[in-house]
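Only one structure is covered here, and it is reproduced in the block below.
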Amino acid sequence: MAAMSVIGIDFGNDNCYIAVARAGGIETIANDYSLRGTPSCVAFSGKNRILGVAAKNQMVTNMKNTVYGFKRLLGRKFNDPQAQKELQSLPYRTSQQADGGIGIHVQYLNEEHVFTPEQITAMLFTKLKDISVNALQTAVNDCVISVPSYFTQAERQALLDSARVAGLNVLRLFNETTATALTYGIYKQDLPAPDQGPRNVVFVDCGYASLQVSICAFHKGKLKMLASAADSNVGGREIDAILADHFSKDFLARYKVDAHKNPRAYVRLLSEVEKLKKQMSANSTKLPINIECFIDEKDVHGDLQRTDMEAMCAHLFKRVESTLRSCLAQSKLKLEDIHSVELAGGSSRVPAIKKLVEEVFNKPCSTTLNQDEAVARGCALQCAMLSPAVRVRDFAVTDIQPYPIKLTWDASQGEAGEMEIFEQNHQIPFSKMLTFYRSNPFTLTAKYCKQPPNFPTCDIGSFTIKDVKPNKEGESSKIKVKVRININGILTVASASLVEKRESQQDKEEEQNNQEQDSMNVDEPPSKENKTDQEAEAKEAPATEVKMDKLRHGSDDEDEAKGSSYSSRIKSALSWFSSGDDKAEEGAKGKIKVRLIDLPIETHGFGLSVQELDTALEKEGKMVAEDRQEKERVDARNALEEYVYDLRSKLLSEDQLATFITEEDRERICRTLEDTENWLYEDGEECQRQVYSDRLANLRSQGEPIKDLRIEFETRGPAIEEMAHFLQIAKKTADQIRASHENKEGKWDHITLEEISKVDKCIQEKWTWLEEKRALLSKTPRTQQPPIYTNQIRTEKQSVENFIKPILNKPAPKVEPPKEEVKDKNEKQPQAQNNGQSGTEEQMDVDGANAQAE
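Numbered according to full-length UniProt numbering, the sequence shown terminates at residue 854, and the numbering increases by one at each position without gaps.
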């Protein structure tokens with residue numbers, strides 16, 4: 001295999017797209033059905049898993065074991081209202097798990113299995129990885145996966161866990177809006193210079209399940225997200241549901257059949273109204289819908305016009321307008337500041353949505369992007385930028401996170417408090433440093449400042465800082481806590497350190513290490529991802545240090561509390577700091593030095609534990625092995641079945657094998673083939689791979705010799721003709737040489753008559769041998785093994801050529817022409833001087849004359 005490739009995955013609710021950066025561009029990978037989009041479907045049977053296109057193709061016939069729509073279940077609990085709303089429209093059975101999560105029940109390997117949405121997602125990612133490996137013929141490990149900009153930390157962490165279970169190394173979870181913007185910006189050669197005003201572009205991504213709007217500022221070589229807004233309940237599927245409900249009522253009134261009571265019929269109806277919706281995007285006339293054998297073997301039909309559809313979906317389009325205006329308000333831009341509006345996502349093709357976008361932004365919509373593949377292409381570009389395996393043009397990306405985040409801490413030591421540390425649309429990745437004074441371990445709790453839309457809780461997680469102890473004087477120790485939103489949009493407490501004062505007589509090397517740690521830019525190991533984070537931070541602003549100086553015990557707290565409220569003190573404590581903050585403070589005090597002692601952090605949040613992740617990895621690996629084993633079994637069965645049909649048809653065909661086998665043998669083999677065919681469809685339906693392989697080997701031992709007889713017969717004639725033709729040409733050439741000697745022409749004098757006699761003798765012997773074999777072959781029936789084989793004839797021909805060709809092709813010896821006498825150089829020099837030539841030029845002429853003479 002070649003070097004490792006990096007891919008970008010657009011993980012959609014309905015379809016997934018895979019793109020790869022190679023050959024100086026971005027390509028979208030086709031799957032094993034030659035389709036660029038792979039359905040987000042996972043199905044189960046009694047023998048194996050069925051993934052992607054094959055899963056969707058059998059959705060109607062295997063409905064209860066076909067899982068789809070699971071993207072919106074990631075990171076959610078069973079009693080989540082949004083999850084319950086989703087589950088009501090899904091045909092497969094679900095239940096609440098011991099941890100409160102969602103369990104999906106399916107029949108797999110003739111047993112009931114329960115999988116989580118994260119495990120189902122990992123199965124889909126396994127399929128996408130296999131598609132990439134087969135298409136690129138190289139190992140695939142690094143990837144960037146798209147994520148809706150409105151996803152919370154729980155949903156993002158669940159997606160990361162799924163990718164890890166599938167064996168993917170996720171370099172970044174990339175917001176879909178940002179991926180679209182990167183696809184647009186990296187190919188633009190006319191972006192403004194950094195010292196000029198930015199080009200502000202609006203991106204409207206209306207897909208199958210959600211609407212996302214973002215505004216981005218472009219400069220040459222970089223982009224910065226300004227604002228984003230989303231509505232996760234506006235998309236193509238909502239329009240499909242409204243149309244399906246309309247036709248359900250229509251069919252109930254006219255045909256007395258209720259699609260809502262028949263899940264299989266409802267799935268078929270959804271598929272048909274989706275096709276109708278796409279047709280209405282291009283036609284304003286009334287369009288028909290026809291479904292055969294819908295329910296109770298009744299054929300149904302109806303029709304609908306675009307204007308009727310727009311009237312039914314009017315409330316959805318109002319939500320679209322509200323989301324568009326919300327994003328514009330967040331960006332604080334005027335309409336004249338906006339350069340253009342770009343559309344992405346399949347549902348943006350709906351004329352009513354296009355019209356709304358043009359009305360809100362007062363600009364015509366542009367469709368320069370591939371509306372289905374733009375996100376995947378952006379992810380592939382980002383992956384190429386982050387991976388050390390690929391070289392790509394740098395393009396700086398500054399992303400934002402959608403929800404404001406606050407930290408709260410307990411009142412075990414001093415006042416309880418809270419503080420908003422990242423406001424809405426804050427740049428990511430980004431770090432802030434907090435300073436606390438504590439003598440015991442303490443806990444920080446992270447929450448969203450307001451509840452995210454369609455998510456039941458504000459909680460993000462809690463972080464317990466351990467091993468905190470008083471300082472040498474018995475007072476509260478100074479604790480520095482680094483809080484970070486990483487490149488995936490996930491909040492973490494990256495580090496916690498206890499500041500300990502040390503005397504100046506400490507070891508010089510230890511002091512140097514402490515000073516490096518004491519810099520306020522301590523970060524993760526220098527991976528390419530973290531390097532990107534640091535560069536982004538350095539370009540925008542330094543990390544923020546918030547000193548919680550008033551959280552220590554003692555009279556300082558009491559005195560300060562009299563003067564001002566706690567919240568005002570926190571605000572006044574907010575300050576920008578430089579990396580030399582502690583050093584400057586210590587320098588003023590004199591010889592006192594400090595060192596930072598790393599403290600352990602216990603995290604309680606969303607996502608799988610290490611043990612759960614290992615268990616899921618083991619289970620996925622086992623299922624992959626079972627899928628591979630089943631594929632090999634099916635391939636062996638198909639190979640046996642194919643050989644039975646192929647051999648039988650050839651045995652009965654006069655143009656194939658019928659003339660190379662006796663009637664008795666043909667009847668015997670055909671009986672064996674018929675018995676094998678019957679066995680395949682009865683007792684041999686579920687056998688192991690080795691059983692099929694053994695039967696195939698037995699059939700081949702009977703069928704291949706017959707095929708060999710035919711091949712031998714077809715190739716033997718040309719081989720005989722080739723040898724006869726060579727002997728004739730050799731005989732003719734030998735006769736010409738002999739005649740040349742008799743006429744004393746001298747042309748072939750270098751070949752002696754003795755050598756010609758040897759050639760004649762060899763030709764005669766081989767000609768006699770060939771005629772004998774021809775006679776034997778003419779008497780041998782096709783059904784018997786021939787007295788001589790093609791490879792023997794070709795070997796004889798080669799030996800004749802090796803003996804005769806060196807003699808007949810022997811080249812004549814070279815005869816050197818007489819050399820011309822060259823006049824003495826001293827005699828030619830006066831002539832050269834008379835002609836105005838130098839001595840050097842005279843020598844060159846002589847050489848030229850000599851060369852010409854030769």
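Built from N, CA and C at the ideal position, the CB exists for glycine as well.
In the DSSP assignment, K224 falls within the unbroken beta strand (DSSP E) covering K222 to D231. The Cβ atoms of T323 and V213 lie closer than 8 Å to each other. Listed in chain order, the non-local C-beta contacts of R93 below 6 Å within the same chain comprise H105, local neighbours out to five positions each way being set aside. The DSSP-derived three-state label of H339 is strand.
Residue burial annotation: D195 is exposed, with fewer than 16 other C-beta atoms found within 10 angstroms of its C-beta. When S701, I186, T28 and K707 are compared, the shortest CA-CA separation from L657 is found for K707. Annotation: A374 to A344 spans about 7 Å, alpha carbon to alpha carbon. Contact check for S693 and A636: beta-carbon distance about 5 Å, within the 8 Å limit, so the pair qualifies. A check of alpha carbon separations from V468 across K447, A496, N486 and R484 identifies A496 as the nearest.
By the Cβ test, the region 242 to 256 is in contact with the region 295 to 305, since at least three Cβ pairs between them sit closer than 8 Å.
Look at L269 here: in three-state DSSP terms it is helix.
Pairing F803 with H725, the inter-Cα distance amounts to about 16 Å. Distances from the alpha-carbon of V234 to those of H315, H260, C41 and D130 put H315 closest. Your pair K71 and F125 does not check out as a contact, with CB atoms roughly 12 Å apart and the cut at 8 Å. Beta-bridge pairing by DSSP links H741 to no other residue. E664 sits exposed, since fewer than 16 C-beta atoms from the chains shown fall within 10 Å of its C-beta.
The DSSP assignment places 396 to 401 and 405 to 409 as complete runs of the beta strand (DSSP E) inside the region 346 to 417, in order along the chain (cut-off: 3 residues).
Per DSSP, R671 is one residue of the alpha helix (DSSP H) stretching across E663 to L680. When beta bridges are read from the DSSP output, M419 appears opposite L407. Taking C-beta atoms as the reference points, P402 and N486 fail to come closer than 8 Å. Put simply, of K256, P786, N370 and Q97 the residue whose alpha carbon is nearest the alpha carbon of T183 is N370. Sequence-distant Cβ neighbours of Q330 in its own chain, meaning closer than 6 Å and more than five residues away, are A227. Counted as a single uninterrupted DSSP element, the beta strand (DSSP E) harbouring M433 occupies residues F430 to R438.
DSSP lists A21 as the bridge partner or partners of I26.
Between the region 592 to 605 and the region 475 to 493, the count of C-beta pairs closer than 8 Å reaches three or more; the two stretches touch.
8 Å or more divides the Cβ of L673 from the Cβ of E641. Cβ atoms of A181 and S210 stay farther apart than 8 Å, at about 17 Å.
The count of Cβ pairs closer than 8 Å, one atom from the region 356 to 368 and one from the region 391 to 410, stays below three, leaving the stretches out of contact. Here L74 really is in contact with E118; their C-beta atoms are around 6 Å apart, less than 8 Å.
Selection G207, L444, G607 and L333 evaluated against R164 yields G607 as nearest (Cα-Cα). Beta-carbon to beta-carbon, Q382 and A217 are separated by about 18 Å, too far to satisfy the 8 Å threshold.
When rounded, the separation of the alpha-carbon atoms in D161 and A122 is 8 Å. Rounded to whole angstroms, K261 and I295 show a C-alpha spacing of 10 Å.
Counted as a single uninterrupted DSSP element, the alpha helix (DSSP H) harbouring F251 occupies residues G236 to Y255. Annotation for E155: L74 and G75 place their beta carbon closer than 7 Å to its own, counting only its chain and skipping 5 residues before and after.
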